[in-house]
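**Student:**
Residue numbers (the numbering used here): 29 to 445.
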């Protein structure tokens, strides 16, 4: 029996509506280490998007490398295989590969090609061993693939998607050859960071992988010989082909669209070449996300009433305060809306992260309908949110109260015409 943990899309260093997520990520990594110490898997697979940006902060990098060091210290035989996602700088992830190799950690961030375009397939292949050193699986650690990474395919209908298919075909063939040498009974495990056709996205969360054109790939690119496909990119946990192909999902919610479901880690059990079981281990949430109202939008008076009626744990640490998104319907601009919302939240352990506006419009018959609450653009978000976000990006801190008051006065004058 051989066991593997599958996770992805950590997005370390993410800033959520101006709020730092380091506490939540620390809680997740502490939990993951504890879970591994308890269940003692043979390997941990991280299928891309370790970081949220290609230039992660020093805090995010320290958090990541401290976790790797702690995991090796606690579980010296544990193998860790990680690949770069579309948010990661693959070359940066690979930079300490020589050091990480000594800790039983394999990193694949880039695709290497020679002068005539031959891809180094051996770079993707990582033998996974059990506690006695016997190879029990071959990981095909393919990172996020850009158009320049994939081989040219003659008469391709879509050069990018057909190139991805060809790269996985070649990698699988190389893995089968390696398996025959090391242990014919070893399982094949493929990694990928991609958008699978039919995969469910989280609105406001995933970034498009390729600008322009279709980017979803078919599940049939994964050869039936592959026992399990560990995917990253889509933040909602989901499965295909009777569970043989899975997105583990992100460990923490990365947008309010992910507020209503539980995040998970996937535990895999193999006996020789066969995946015998998959177990979903729910991840505790360090900070909740609340939408007011829970569905749709409401007039501001109802939103205020719901905020005032909230019963919350007053002992929470600041980093544990729930994030709040309020969704308001209104007929015209209300420059005082944010002040009223903040007053309703005053003294409560809450963090106001987002205000969305659905504009009430009347049709020819005089019937009102709300539009815009689910579209995050300049027409639907609170102007003060836009101002504060732009100010933070330029100056590195929040605007002071006098500046906010002046901005609100401008909004009020604009509303009066």
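For every residue, glycine included, the Cβ atom is placed at its ideal position computed from N, Cα and C.
Does the beta-carbon of residue 52 have 16 or more other beta-carbons within 10 angstroms, so that it is buried, or is it exposed?
**Tutor:** For the purposes of this step, residue 52 is identified with residue 24 of the chain shown, where counting begins at 1. Answer is buried; the Cβ neighbour count reaches 16.
**Student:** Spell out a yes or no on whether the segment 96-105 and the segment 73-83 are touching, meaning 3 or more CB-CB pairs, one atom from each, closer than 8 Å.
**Tutor:** no
**Student:** Terminal residues of the continuous beta strand (DSSP E) containing residue 134?
**Tutor:** Working through the chain shown from its first residue, we reach residue 134 at position 106. Per DSSP, residue 134 belongs to the beta strand (DSSP E) from 133-136.
**Student:** When you compare only the Cα positions, how much space is there between residue 280 and residue 144?
**Tutor:** Working through the chain shown from its first residue, we reach residue 280 at position 252. Working through the chain shown from its first residue, we reach residue 144 at position 116. Straight-line Cα distance between these residues: approximately 42 Å.
**Student:** Please return the same chain residues whose Cβ sits closer than 7 Å to the Cβ of residue 125, not counting the five positions on each side in sequence.
**Tutor:** Start at 1 with the first residue of the chain shown, and residue 125 comes out as number 97. The answer, listed in chain order, is 135.
**Student:** Would you mind giving the Cβ-Cβ distance between residue 361 and residue 379, rounded to the nearest angstrom? I have them listed as a contact below 8 Å.
**Tutor:** The residue labelled residue 361 in the question sits at position 333 within the chain shown. The residue labelled residue 379 in the question sits at position 351 within the chain shown. Contact doesn't hold; Cβ gap of about 25 Å is too wide.
**Student:** From the DSSP output, in three-state form, read off residue 100 for me.
**Tutor:** By 1-based counting over the chain shown, the position of residue 100 is 72. It is helical.
**Student:** Could you pull out every unbroken alpha helix (DSSP H) segment of at least 4 residues lying fully inside the segment 170-231, listed in chain order?
**Tutor:** 187-210
**Student:** Verify whether the separation of the beta carbon atoms of residue 173 and residue 195 is less than 9 Å.
**Tutor:** The sequence position of residue 173 within the chain shown is 145, counting from 1. The sequence position of residue 195 within the chain shown is 167, counting from 1. Yes, these two residues count as a Cβ contact at 9 Å.
**Student:** Quick check: what's the CA-CA separation for residue 250 versus residue 366?
**Tutor:** For the purposes of this step, residue 250 is taken as the residue at position 222 of the chain shown. For the purposes of this step, residue 366 is taken as the residue at position 338 of the chain shown. Distance between the alpha carbons of residue 250 and residue 366: 50 Å.
**Student:** Is the segment 305-313 touching the segment 286-293, taking contact as three or more C-beta pairs under 8 Å?
**Tutor:** yes
**Student:** Count the other CB atoms within 10 Å of the CB of residue 423; is the residue buried (16 or more) or exposed (fewer)?
**Tutor:** Translated into the one-based positions of the chain shown, residue 423 becomes position 395. Residue 423 comes out exposed.
**Student:** Since I believe residue 221 is in contact with residue 111 (beta carbons under 8 Å), could you give me their beta-carbon distance rounded to a whole number of angstroms?
**Tutor:** Taking the chain shown and counting its residues from 1, the one referred to as residue 111 is at position 83. Taking the chain shown and counting its residues from 1, the one referred to as residue 221 is at position 193. Right, the Cβ-Cβ distance comes to about 6 Å (below 8 Å), so this counts as a contact.
**Student:** Please classify residue 384 as buried or exposed, where buried requires at least 16 neighbouring CB atoms within 10 angstroms.
**Tutor:** Along the chain shown, one-based indexing puts residue 384 at 356. The residue in question, residue 384, is buried, as its Cβ has 16 or more Cβ neighbours within 10 Å.
**Student:** With distances taken Cα to Cα, identify the nearest neighbour of residue 44 among 435, 420 and 368.
**Tutor:** Counting from one through the chain shown, the residue named residue 44 turns up at place 16. Cα-wise, what sits closest to residue 44 is 420.
**Student:** Any idea what DSSP makes of residue 411, helix, strand or coil?
**Tutor:** One-based indexing of the chain shown puts residue 411 at position 383. Looking at residue 411 - three-state DSSP - the assignment turns out to be helix.
**Student:** Just checking, does the segment 148-165 make contact with the segment 112-131 on the three C-beta pairs under 8 Å criterion?
**Tutor:** no
**Student:** So that I know if they touch, is there some Cβ in chain D lying closer than 9 Å to that of residue 293?
**Tutor:** Checking the listed chains, one finds no chain D in this structure; it contains a single protein chain.
**Student:** Measure the C-alpha to C-alpha separation of residue 65 and residue 103 and round it to an integer number of angstroms.
**Tutor:** Taking the chain shown and counting its residues from 1, one reaches residue 65 at position 37. Taking the chain shown and counting its residues from 1, one reaches residue 103 at position 75. Roughly 7 Å between the two C-alpha positions.
**Student:** Roughly how far, in whole angstroms, is the beta-carbon of residue 33 from the beta-carbon of residue 73, given that I think they are within contact range, below 8 Å?
**Tutor:** Residue mapping note: residue 33 aligns to position 5 of the chain shown, counting from 1. Residue mapping note: residue 73 aligns to position 45 of the chain shown, counting from 1. Yes, they are in contact, since the Cβ atoms of residue 33 and residue 73 sit about 7 Å apart, within 8 Å.
**Student:** Where does residue 122 sit, in a helix, a strand or coil, going by DSSP?
**Tutor:** As a first step, residue 122 is located in the chain shown; it is residue number 94 there, counting from the start. Residue 122: helix per DSSP, three-state reduction.
**Student:** Only counting runs of 4 or more residues, tell me where the alpha helix (DSSP H) segments fall wholly within the segment 355-387, in order along the chain.
**Tutor:** 365-373
**Student:** Between residue 402 and the rest of its own chain, which residues show a CB-CB distance below 6 Å, the 5 nearest in sequence each way excluded?
**Tutor:** Translated into positions along the chain shown, residue 402 becomes position 374. Low confidence applies to residue 402: its pLDDT is 46, below 50, so where it sits in the model is not reliable enough to give any reading.
**Student:** Less than 6 Å between C-beta atoms, sequence neighbours within five positions excluded: which residues of the same chain meet that for residue 122?
**Tutor:** Mapped onto the chain shown, residue 122 falls at position 94. The answer, listed in chain order, is 135 and 137.
**Student:** Do you know how far the Cα of residue 376 is from the Cα of residue 285?
**Tutor:** To locate residue 285, count along the chain shown from 1; it is residue 257. To locate residue 376, count along the chain shown from 1; it is residue 348. Taking the straight line joining both Cα atoms gives about 23 Å.
**Student:** Look up residue 17 in the DSSP assignment and give the residues it is bridged to.
**Tutor:** Nothing about residue 17 can be read from this structure; the chain reaches only from 29 to 445.
**Student:** Suppose you measure from the CA of residue 35 to the CA of residue 418; what does that come to, to the nearest Å?
**Tutor:** Taking the chain shown and counting its residues from 1, the one referred to as residue 35 is at position 7. Taking the chain shown and counting its residues from 1, the one referred to as residue 418 is at position 390. The straight-line gap from Cα to Cα measures roughly 33 Å.
**Student:** Identify whether residue 31 lies in helix, strand or coil by the three-state DSSP scheme.
**Tutor:** As a position in the chain shown, residue 31 is number 3, starting the count at 1. Looking at residue 31 - three-state DSSP - the assignment turns out to be strand.
**Student:** Short check: CB of residue 318 to CB of residue 347, under 9 Å?
**Tutor:** By 1-based counting over the chain shown, the position of residue 318 is 290. By 1-based counting over the chain shown, the position of residue 347 is 319. Taking 9 Å as the Cβ cut-off, residue 318 and residue 347 do not qualify as a contacting pair.
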